[in-house]
Amino acid sequence: MPVTAGRTTATRVRRGSNLPRVGDYNQVVVLEAIRGHAAGLSRVEVAVLTGLSAQTVSNICRRLLEQGLVEEAGKQGGGPGKPRTLLRLKPEGRYAIGVHLDPAVVTVVMLDLLGQVVARRDRPLRPGAGPGQVLAEAADDVDAVIASSGVERERIVGLGVAAPGPVDSAAGAVVHPPNLPGWDRVAVRDLLAASTGLPVVLDKDVVAAAVAEMWAGGVGGTGSAVFFYLGTGVGAGLVLRGEVHRGASGNSGEVGHLVTGRGGAECSCGLAGCLGETSAPLHLVHEAQRLGLGRWDLDAGEAAGGQASAVVAGHRASAASAFAEVCALADAGDPTAVGLLEDAARRTAKAAVDLVDLLDVEQVVFGGPMWSRLERTYLRVVPPLVRSSVVSAAIHPVEVRGTVVGADVAAVGAGCLVLEDAFSPRSATLLLSH
Ligand SMILES: [Zn+2]
């Protein structure tokens, strides 16, 4: 029986999952309580937090110890009565693999039960490589990561994939992502399950990033947040009252066509000033060139998702490194580069305000492959604009910050999708008890 009043009503059907379960609903609830207390929790405290009886908690904790999911973490004493044994998650109890299919690079990580990265590997996407080749290489990298970690395969719960949208969650497929040309209804979930022998779950990269932020404690409890994922394109991961919001089909958070103000670059949708266009690294490189900040002759590969090679002052560089040069100029105080990035930041702030107003969230979080380059400008420009503009400002503070997870947030999030599905009462585990 569910233990919190709020969850007894959560009987609607959630997305399916083929991950193996680690026990019943109550066991997952107990595990979640212990996970939330890194220093350890006594059985008595678990009973108080979950509302379960002492006997039920005792039985579940014995099972969790037998399964190697929790471990003893010393005694809690001092007061009257005998000291209580503390329990905490056993990091090496289980593991999860995360794979991030980025338009520029495929990253594979292995996470322990705490969500910490214990092994990692990445590989640039070769121009012209098709989905079959990319997924075969990803499977090789998964094997290599597992081998390098020394972890037995049976301790790995599953493999999560973070991919650019749109996705077909039910089919586990990516569907024509604009930033991955040639990926037309590719059944990523089934292909990787066949090649790795692991259960696989697939979500959009922005959803995975939001799950990573939650799993790391950046958005805790029943917190609500918008996670702006800044990569080749821009997307938003939504956390509403402690739950990631996937929408009807796993495709929520498409913010690329939010119009961010007057003027701005023309967009493929026919409007001007769309967030996806005005904040895209490739667009900013073009603008930098127009403003005389450098010479970048982007070749025909540009059309293939921003993977262009560029000729920069006589030497070859990728579009991403040309963008890095523009950002470095801004960080060094070049007024033209600063103006360029500040305009992108102001436009992003406008989109952030619209989303905060629409959803009434308490946090705006930035992350993704481009974040480290934009961080200085964005954290100077965006927070004051958000705080002075949002409707809820008089009611509650709105925090604007960078991710607590780091540059691999989508890959880590892909692994967290597995941990979340297997070990968190927030997700499909509800189906077991209803
Ligand atoms: Zn547009």
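Using the working numbering, the letters of the sequence shown map in sequence onto residues 12 to 445. The beta carbon of each residue, even a glycine, is placed where N, CA and C say it ideally should be. What you are looking at is a predicted structure, and each value in this text was computed from that prediction instead of being measured.
Residues of its chain near V422, where Cβ-Cβ distance is below 6 Å and the 5 sequence neighbours each way are ignored: Sequence inspection shows Ala at residue 422; the Val mentioned does not correspond to that position. Correct list, in chain order: G109, H111, T118, V120.
Span separating the alpha-carbon of T347 from that of M381: Rounded to the nearest angstrom, the two C-alpha atoms are 20 Å apart.
Cβ neighbour criterion (16 or more within 10 Å) applied to G141: Burial call: exposed.
Limits of the alpha helix (DSSP H) - the one that Q66 falls within: Here the alpha helix (DSSP H) through Q66 covers 65-77.
Residue nearest to V393 in terms of C-alpha spacing, selected from K361, V367, R166: Closest by alpha carbon: K361.
Among V199, L209, V128, nearest to R166 - alpha-carbon criterion: Closest by C-alpha distance to R166, out of V199, L209, V128, is L209.
Residue from S400, D368, P292 with nearest C-alpha to G379: Measuring C-alpha to C-alpha distances from G379 to each of S400, D368, P292 identifies P292 as the nearest.
Backbone secondary structure at R95 - three-state DSSP: Taken through DSSP and simplified to helix, strand or coil, R95 comes out as strand.
Identity of the residue in Y106, P395, D195 nearest G171 by Cα: Of the listed residues, the one whose Cα sits closest to G171 is Y106.
S332 classed as buried or exposed, judged by whether at least 16 other C-beta atoms fall within 10 angstroms: Per the 10 Å Cβ criterion, exposed.
Within 7 Å, strictly: CB atoms of A126 and C427: Per the sequence shown, residue 126 should be read as Gly rather than Ala. In this structure, C427 lies closer than 7 Å to G126 by Cβ.
According to DSSP, residues forming a beta bridge with G413: Its beta-bridge partners are F377.
Three-way DSSP call (helix, strand, coil) for A151 in this model: The sequence given here places Asp at residue 151; Ala does not occur at that position. Three-state DSSP puts D151 in a helix.
Nearest-angstrom beta carbon gap, F239 and A247 [assumed within contact, 8 Å]: That pair is a contact at about 6 Å.
Candidates P138, L122, R358: closest to D419 by CA position: Answer by Cα proximity: L122.
Nearest residue (CA-CA) to G176, options D154, D151, L213, V156: Minimum Cα distance to G176 is reached at L213.
DSSP bridge partner residues for H111 (one or two, in chain order): Residue pairing from DSSP places H111 in a beta bridge opposite T118, A173.
Identity of the residue in G281, H407, P138, G143 nearest A330 by Cα: Residue P138 is the option with its Cα nearest to A330.
Proximity test, L98 beta-carbon vs ligand 1 heavy atom, cut-off 6 Å: No.
Where Q144 sits in the DSSP three-state scheme: Q144 carries a helical assignment under DSSP once its states are collapsed to helix, strand and coil.
Buried or exposed (CB count within 10 angstroms, at least 16 for buried), V402: Taking every protein chain shown into account, the CB of V402 has fewer than 16 other CB atoms within 10 angstroms, so this residue is exposed.
Distance, S159 Cα to S399 Cα: Roughly 49 Å between the two C-alpha positions.
Opening and closing residue of the alpha helix (DSSP H) in which R46 lies: Element bounds for R46: 36-46.
Cβ-heavy atom distance, C280 to ligand 1, below 6 Å: Yes.
Buried or exposed by the 16-neighbour rule on C-beta atoms within 10 Å, applied to I71: A residue is called buried once 16 or more other Cβ atoms fall within 10 Å of its Cβ, and I71 is buried on that count.
Nearest residue (CA-CA) to V250, options Q78, V116, M225, L351: Measuring from the Cα of V250, the nearest candidate turns out to be M225.
CB-CB length for L203 against L146, believed under 8 Å: Sure, about 6 Å apart at Cβ, within 8 Å.
Test item: CB-CB of T61 and V81 under 7 Å: Contact: no.
Reference E431, options G284, V68, G169, V186, closest by Cα: Of G284, V68, G169, V186, the residue nearest in Cα terms is G169.
T271 burial status per 10 Å Cβ neighbour count (16 or more: buried): Result: buried.
Close beta carbons around D368, own chain, < 7 Å, minus the five adjacent residues each side: Contacts found: V401, V402.
Per-residue DSSP class, three states only, for S290: Judged by DSSP in its simplified three-state form, S290 adopts coil rather than helix or strand.
Of the residues T359, S64, V364, A405, the one placed nearest T388, counting alpha carbons only: Measuring from the Cα of T388, the nearest candidate turns out to be T359.
Minimum C-alpha distance to G264 - residue among L282, R252, V245, V55: For G264, the closest of L282, R252, V245, V55 by C-alpha to C-alpha distance is V245.
Three-state class that DSSP yields for D419 in the structure shown: Three-state DSSP puts D419 in coil, outside helix and strand.
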